[in-house]
Every structure is written in structure tokens, then in C-alpha cells.
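S.K.: This is the structure I have questions about; it appears just below.
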Amino acid sequence: MTEPNTVFDRRRIDTDGHLFVDKNRISAARVNQYYGREVADWQRLGLQANKLYRLYRHPDELRRAASTFHGKPLLIDHEVVNANEPAQDRVAGAVNNVRFESPYLLADLVVWRADAIDLIKSGMQRQLSCGYRYDADMRAGITPQCEAYDGVMRNIVGNHVALVRQGRVGPDVQVADSAPFVLDISRIFPSAAYIRNGGR
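Residues in the sequence shown are numbered from -9 upward in steps of one, following this note's numbering.
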């Protein structure tokens, strides 16, 4: 475990051993692929369970959603949480001061648990993935970057942010530090290589 009062990379450890990271990316305005069964209300929308659909997290929708993530829990892995079912065994910290700076949704993170901090430091679970509710607007279009999509995630409402091994958004959305990373462009623009309660 890191010694208190130390700074490593962009992260800060306080005297109690808690980890703080400011202005960290937690999501991005981006097109990602989802199986039909992962899409909110997929059956009502007439989607095929095992077909891949390209859903767009529109920047305007992320901007409107930012405040709904404020104060939400940071979890080890995904689980839908509420006041009656808080998933206390997975809660590792909290998310605060959430704002949108195109193309990213940014937040200040605090991580309370030593095991979660070790997962971040080791790189085992360092990427971030948001869990949220949304309405699927299945009208196809093309992003300003000329990437085709099958639908747009509307009315996004945050539920949690999770530490994961590999997030759907990509390796540029992870617990930040100053170290460079190799950006796999196919993760951001899959064509280049060609939940309700989810959104990862």
C-alpha cells in the first residue's frame, strides 16, 4: 500500500490512505456497439437479441446527464444500486463535481478502499465504465466525425461508475496518471477496424 501523503502520477493519497484524482474522464461522447438484449427496452423496440447495434452517446445528452452522476458511488465492477440495495461490498469510493468538457464526461474521484487502490495501481481494474438509465432513440444517423450509428442514448441518468478490466468506451477513460498509453483507434472508431441500468 502506498505511504500516506504521497503523490504518484496524477493521483494523491491523503493521510488516511484514501486516493483522490481530480478531473478524471469517466465517459465520452462516442459510438459503441451493444447487443440488442443490452439496449434499454429492446423487446418493445423490436431489436434482435444477438444483433449488434451502434449506439451514440451524444455530447448534448452527456452534458445534460453530468449532474445526475454527482455523488454516485464508485464500484468495483458493475451492479445497479439504490438506497435499499446499496451493494456495499462493491462500493469503493465516490464520484463528485461531474462536468462535460467535449468529448469527455469528467469527475473528481475518491477511492476509499485499499483493495480498490491496489487494483488501480496494478492496472488490473483501472478503466472506468458508467452505469446509467437511458431511453434508446433508434433513429439512425451519422456523427460529426462521419461515423454511422443505429440510435442515440437519450435522457441519461447516472447510477454508478465502475472500475473494470476493460471498459466499453476505451483505454482513454481510466483512472488517470501522467503515464502515456497506447490508444487503440479501433476502440474509439470500430469502423476503422470494423442497459436499461447499463450503458457501459
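Glycine is no exception: its CB is placed at the ideal position from the N, C-alpha and C atoms.
1. With DSSP run on the structure shown, which of helix, strand or coil describes phenylalanine -2?
2. Quick one: residues in its chain with C-beta nearer than 6 Å to the C-beta of phenylalanine 10, no 5 flanking neighbours on either side, listed in chain order?
3. Note down the Cα distance separating alanine 97 from histidine 48, rounded to an integer number of angstroms.
4. When DSSP builds the beta bridges, which residues end up paired with isoleucine 132?
5. For glycine 83 versus cysteine 120, is the C-beta spacing smaller than 8 Å?
6. For a test of the three-state rule: what should DSSP assign to proline 161, helix, strand or coil?
7. Can you tell me where the alpha helix (DSSP H) with aspartate 108 in it begins and where it stops?
8. Locate the beta strand (DSSP E) running through alanine 18, then write down its first and last residues.
9. With a threshold of 16 other CB atoms inside 10 Å of the CB of alanine 19, please say whether the residue is buried or exposed.
10. Quick one: what's got a C-beta closer than 6 Å to arginine 27's C-beta in the same chain, skipping five residues either side?
11. At what residues does the beta strand (DSSP E) containing glutamate 91 begin and finish?
12. Restricting to Cα atoms, I'd like to know which of Asp4, Arg89 and Leu37 is closest to phenylalanine 59.
13. Just to confirm my understanding: we take leucine 156, look at its own chain, exclude 5 residues before and 5 after, and list those with CB closer than 8 Å. What are they?
14. With DSSP collapsed to three states, give me the class of proline 49.
15. Does the beta-carbon of asparagine 22 have 16 or more other beta-carbons within 10 angstroms, so that it is buried, or is it exposed?
16. The alpha helix (DSSP H) with leucine 35 in it runs from where to where?
17. For glutamine 135, does the count of other Cβ atoms within 10 angstroms reach 16, so buried, or fall short, so exposed?
18. Do aspartate 31 and alanine 130 have their C-beta atoms closer together than 8 Å?
19. Determine the DSSP secondary structure at alanine 169, reduced to helix, strand or coil.
20. Please list, in chain order, all residues of the same chain as isoleucine 107 whose beta carbon is under 6 Å from its beta carbon, the five residues on each side excluded.
21. According to DSSP, what are the bridge partners of glutamine 117?
M.R.: So, from the data block:
1. Low local confidence applies: a pLDDT of 47 at phenylalanine -2 is under 50, so the model's placement there is unreliable, with the coordinate-based value given in what follows. Three-state result, phenylalanine -2: strand.
2. Within its own chain, the residues whose Cβ lies closer than 6 Å to the Cβ of phenylalanine 10, once the five positions on either side in sequence are excluded, are Arg2 and Val100, listed in chain order.
3. Our two residues, alanine 97 and histidine 48, have alpha carbons roughly 18 Å apart in a direct line.
4. Answer is Ala138, bridged to isoleucine 132.
5. No Cβ-Cβ contact shorter than 8 Å links glycine 83 with cysteine 120.
6. Here proline 161 sits in coil by DSSP.
7. From DSSP, the alpha helix (DSSP H) with aspartate 108 extends over 104 to 112.
8. Per DSSP, alanine 18 belongs to the beta strand (DSSP E) from 9 to 18.
9. Counting of Cβ neighbours within 10 angstroms places alanine 19 among the buried residues, the total reaching 16 or more.
10. These residues qualify, in order along the chain: Ala39.
11. Note, glutamate 91: beta strand (DSSP E), 81 to 91.
12. Nearest to phenylalanine 59 by alpha-carbon distance, out of Asp4, Arg89 and Leu37, is Arg89.
13. It is glutamine, not leucine, that sits at residue 156 in the sequence shown. For glutamine 156, where only same-chain residues beyond five positions count, the Cβ hits under 8 Å are Gln117.
14. If DSSP states are grouped into helix, strand and coil, proline 49 belongs with the helices.
15. So asparagine 22 counts as buried.
16. Counting along the chain, the alpha helix (DSSP H) containing leucine 35 begins and ends at 32 to 35.
17. Answer is exposed; the Cβ neighbour count stays below 16.
18. Going by C-beta atoms, aspartate 31 is not nearer than 8 Å to alanine 130.
19. At alanine 169, the pLDDT of 42 sits below 50, so the modelled position is not reliable and the matter cannot be decided from this model.
20. Counting only Cβ-Cβ distances below 6 Å, and skipping sequence neighbours, we find Leu9 and Val101.
21. Residue pairing from DSSP places glutamine 117 in a beta bridge opposite Val154 and Gln164.
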